[in-house]
Amino acid sequence: MPCRLDVPQNLMFGKWKYEKPDGSPVFIAFRSSTKKSVQYDDVPEYKDRLSLSENYTLSIANAKISDEKRFVCMLVTEDNVFEAPTLVKVFKQPSKPEIVNKAPFLETDQLKKLGDCISRDSYPDGNITWYRNGKVLQPVEGEVAILFKKEIDPGTQLYTVTSSLEYKTTRSDIQMPFTCSVTYYGPSGQKTIYSEQEIFDIYYPTEQVTIQVLPPKSAIKEGDNITLQCLGNGNPPPEEFMFYLPGQPEGIRSSNTYTLTDVRRNATGDYKCSLIDKRNMAASTTITVHFLDLSLNPSGEVTKQIGDTLPVSCTISASRNATVVWMKDNIRLRSSPSFSSLHYQDAGNYVCETALQEVEGLKKRESLTLIVEGKPQIKMTKKTDPSGLSKTIICHVEGFPKPAIHWTITGSGSVINQTEESPYINGRYYSKIIISPEENVTLTCTAENQLERTVNSLNVSAISIPEHGEADDISDENREKVNDQAKLIVGIVVGLLLAALVAGVVYWLYMKKSKTASKHVNKDLGNMEENKKLEENNHKTEA
Numbered sequence: 003m004p005c006r007l008d009v010p011q012n013l014m015f016g017k018w019k020y021e022k023p024d025g026s027p028v029f030i031a032f033r034s035s036t037k038k039s040v041q042y043d044d045v046p047e048y049k050d051r052l053s054l055s056e057n058y059t060l061s062i063a064n065a066k067i068s069d070e071k072r073f074v075c076m077l078v079t080e081d082n083v084f085e086a087p088t089l090v091k092v093f094k095q096p097s098k099p100e101i102v103n104k105a106p107f108l109e110t111d112q113l114k115k116l117g118d119c120i121s122r123d124s125y126p127d128g129n130i131t132w133y134r135n136g137k138v139l140q141p142v143e144g145e146v147a148i149l150f151k152k153e154i155d156p157g158t159q160l161y162t163v164t165s166s167l168e169y170k171t172t173r174s175d176i177q178m179p180f181t182c183s184v185t186y187y188g189p190s191g192q193k194t195i196y197s198e199q200e201i202f203d204i205y206y207p208t209e210q211v212t213i214q215v216l217p218p219k220s221a222i223k224e225g226d227n228i229t230l231q232c233l234g235n236g237n238p239p240p241e242e243f244m245f246y247l248p249g250q251p252e253g254i255r256s257s258n259t260y261t262l263t264d265v266r267r268n269a270t271g272d273y274k275c276s277l278i279d280k281r282n283m284a285a286s287t288t289i290t291v292h293f294l295d296l297s298l299n300p301s302g303e304v305t306k307q308i309g310d311t312l313p314v315s316c317t318i319s320a321s322r323n324a325t326v327v328w329m330k331d332n333i334r335l336r337s338s339p340s341f342s343s344l345h346y347q348d349a350g351n352y353v354c355e356t357a358l359q360e361v362e363g364l365k366k367r368e369s370l371t372l373i374v375e376g377k378p379q380i381k382m383t384k385k386t387d388p389s390g391l392s393k394t395i396i397c398h399v400e401g402f403p404k405p406a407i408h409w410t411i412t413g414s415g416s417v418i419n420q421t422e423e424s425p426y427i428n429g430r431y432y433s434k435i436i437i438s439p440e441e442n443v444t445l446t447c448t449a450e451n452q453l454e455r456t457v458n459s460l461n462v463s464a465i466s467i468p469e470h471g472e473a474d475d476i477s478d479e480n481r482e483k484v485n486d487q488a489k490l491i492v493g494i495v496v497g498l499l500l501a502a503l504v505a506g507v508v509y510w511l512y513m514k515k516s517k518t519a520s521k522h523v524n525k526d527l528g529n530m531e532e533n534k535k536l537e538e539n540n541h542k543t544e545a
């Protein structure tokens, strides 16, 4: 505090004093103009806190609230005393305000204490203001109530100010920030300090109920587990609900979820949930349980005879239109199978598969393993090698289970190859034998499976005699099935040929009275011209 006086020429000394509230002086410092010495009065509250400079400026260290006084600088001459007062004001910035004693929650439409805003250690005292979302809150009867209180510390003389706020919340206060501030005066004027924002948990009753299916799915199928979840929009949300299932008028009390396991098609319908104490506050949802049934008739392993009729049906029953696919031995068929007359190539593993495209994982399939059985059927062919050194005899066999083929030869001749067989495909294969006969021989082919044993024979001329009417080999792929009418015609023709053959043999025996019988009898497929050749050869021998 500078001494606001001009120093006179005849100055003797200078002094500082302060005035008590009653106006009485208390001297605190003295400085002689001649001796340049400083003396401080014995005032306990200023002990070791004062400093008086040569120009009579007084400094007070560690300022206190009690230093707020009227100080006077005195300059004394021989004939006069000059005085200059200084009024000292002391300020202390308050601590940052904070909201304490906060309510754990607020309830809508109820006037309830939100908390206290407190600011400590200020001088002079400050003023507290409340804000909602940055806007000042003013007292409103029944909605906003503010109670202000200040306290002073007897030792430090500092103020603590507190403001309590009672507030009636609405749902619009959800997530709204509340703050407070303290406004105080300092050496440079008025200032404001703000507290941190606080957001309060607002409790409000449920006004709407919703229901949903967990886990969320585009479609529900039989066998699924589904959970119904009921939610209320209140805070805190309701913990229990009433669940109503289709066809059950009585509700089921449960938590906010209710689980149905392994649902069936009869679970399709409307599901509802409501509050325990407000049954009219409810929500509903419709659940459709998709299903898919497949019936294959016949199914499993089926054994039929060749030529039989086998009707096959794959019946579908579903909650939506289903796709149907037929497979045979893992190859997709263009249409469903139909068997009016079974063939060996019809045998295999058939699968009828159906699915609902809109429902993930809803597929059904049934299988039919078809076995087509047949007794062995034999057809024999012969062919002379272009070299003229051998003849090839082929026994074509048809039947299932696969017939075993066995050859027997009546007559003399070397067998060049007797082991060559074709692959067994669609119930057919052949066995080939290559011979070089020295004389006329008969080859017998025997085919046997679990159903029957079939035998067929073929006469073969000596290697030196050319064969007539040789049949070319017929591949399995190009051979066509003979229908019933063709079989009848072939039977008649074969019968006539056999009758002609027998008549020729009898006539030859009668005319020649031979003692030796024919070494070979053509049982099935011999022809007239071959037997005539044999007869001519015998005539030449006798001549």
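Each residue of the sequence shown is one higher than the last, beginning at 3 in our numbering. Cβ atoms here follow ideal geometry from the backbone N, Cα and C, with glycine treated the same way.
Query: Secondary structure of PRO248, DSSP reduced to three states; Result: coil
Query: Endpoints, beta strand (DSSP E) assigned at GLN214; Result: 211-216
Query: Residue environment, GLU375, which counts as buried when at least 16 other CB atoms sit within 10 Å; Result: buried
Query: Rounded straight-line distance, which links the Cα of VAL399 to that of TYR431; Result: 6 Å
Query: Supposed close pair ASP123, PRO156 - CB separation, criterion 8 Å; Result: The pair is not a contact, with the Cβ atoms about 14 Å apart (cut-off 8 Å).
Query: Range of the contiguous beta strand (DSSP E) that encloses SER297; Result: 294-299
Query: Spatial distance of ILE1 from THR356 (CA atoms); Result: Residue numbering for the chain in the displayed model covers 3 to 545; residue 1 lies beyond these limits and cannot be assessed.
Query: Exposure label - LEU391; buried when at least 16 CB within 10 Å; Result: exposed
Query: Buried or exposed (CB count within 10 angstroms, at least 16 for buried), MET76; Result: buried
Query: Endpoints, beta strand (DSSP E) assigned at ALA284; Result: 284-289
Query: GLN11 in three-state terms, based on DSSP; Result: coil
Query: Among ASN442, LYS280, SER301 and MET14, the one whose alpha carbon lies nearest that of ILE467; Result: ASN442
Query: 8 Å Cβ cutoff met for VAL2 and ALA320; Result: Outside the displayed range of the chain (3 to 545) lies residue 2, so it cannot be described from this structure.
Query: Nearest candidate by alpha-carbon position, reference ASN461, set MET382, SER424, VAL496 and ASP69; Result: MET382
Query: Close Cβ partners of GLU479 (< 6 Å) along its chain, the five nearest in sequence each way excluded; Result: Interpretation of GLU479 is limited by its pLDDT of 37, a score under 50 that renders its predicted location unreliable; no figure is taken from the coordinates.
Query: Whole beta strand (DSSP E) elements within the segment 84-166, 3-residue minimum; Result: 100-102, 113-124, 129-134 and 146-154
Query: Secondary structure, beta strand (DSSP E): runs of 3+ residues fully inside the segment 11-41; Result: 13-21 and 27-34
Query: Reduced DSSP secondary structure (H/G/I, E/B, other) of LEU445; Result: strand
Query: Residues near GLU422 by beta carbon distance below 6 Å, same chain, minus five either side; Result: LYS434
Query: CA nearest to the CA of SER342, picked from TYR352, GLN307, THR371 and THR325; Result: GLN307
Query: Distance between ASP118 and SER26 (C-alpha atoms, nearest Å); Result: 44 Å
Query: Local Cβ density within 10 Å of PRO189, reported as buried at 16 or more and exposed below that; Result: exposed
Query: Reduced DSSP category for GLU47 - H, G, I as helix; E, B as strand; rest coil; Result: helix
Query: GLN347 (DSSP reduced to helix, strand or coil); Result: helix
Query: Three-state secondary structure assigned by DSSP to ASN323; Result: coil
Query: Cβ-based burial, SER338 [other Cβ within 10 Å; buried from 16]; Result: exposed
Query: Candidates LYS377, PRO313 and ILE30, of which the one nearest PRO46 by Cα; Result: ILE30
Query: Counterpart residues of LYS381 in DSSP-defined beta bridges; Result: HIS398
Query: Distance between beta carbons of CYS354 and CYS316, contact taken as under 8 Å; Result: 4 Å
Query: Candidates TYR205, LYS385 and THR181: closest to PRO106 by CA position; Result: TYR205
Query: Coarse secondary structure for ASP475, derived from DSSP in three states; Result: Caution is warranted here: a pLDDT of 42 is assigned to ASP475, below 50, making its placement in the model unreliable, and no coordinate value can be reported.
Query: Beta-carbon contacts of PHE202 that lie in its chain and below 6 Å, excluding the five residues immediately before and after; Result: LEU108
Query: Start-to-end residues for the beta strand (DSSP E) that takes in SER433; Result: 430-439
Query: Rounded Cβ spacing between LEU372 and ASP348 (contact assumed at less than 8 Å); Result: 6 Å
Query: Whole-angstrom C-beta distance between LEU294 and LEU358, which should lie under 8 Å; Result: 6 Å
Query: Close beta carbons around SER340, own chain, < 8 Å, minus the five adjacent residues each side; Result: PRO313 and VAL314
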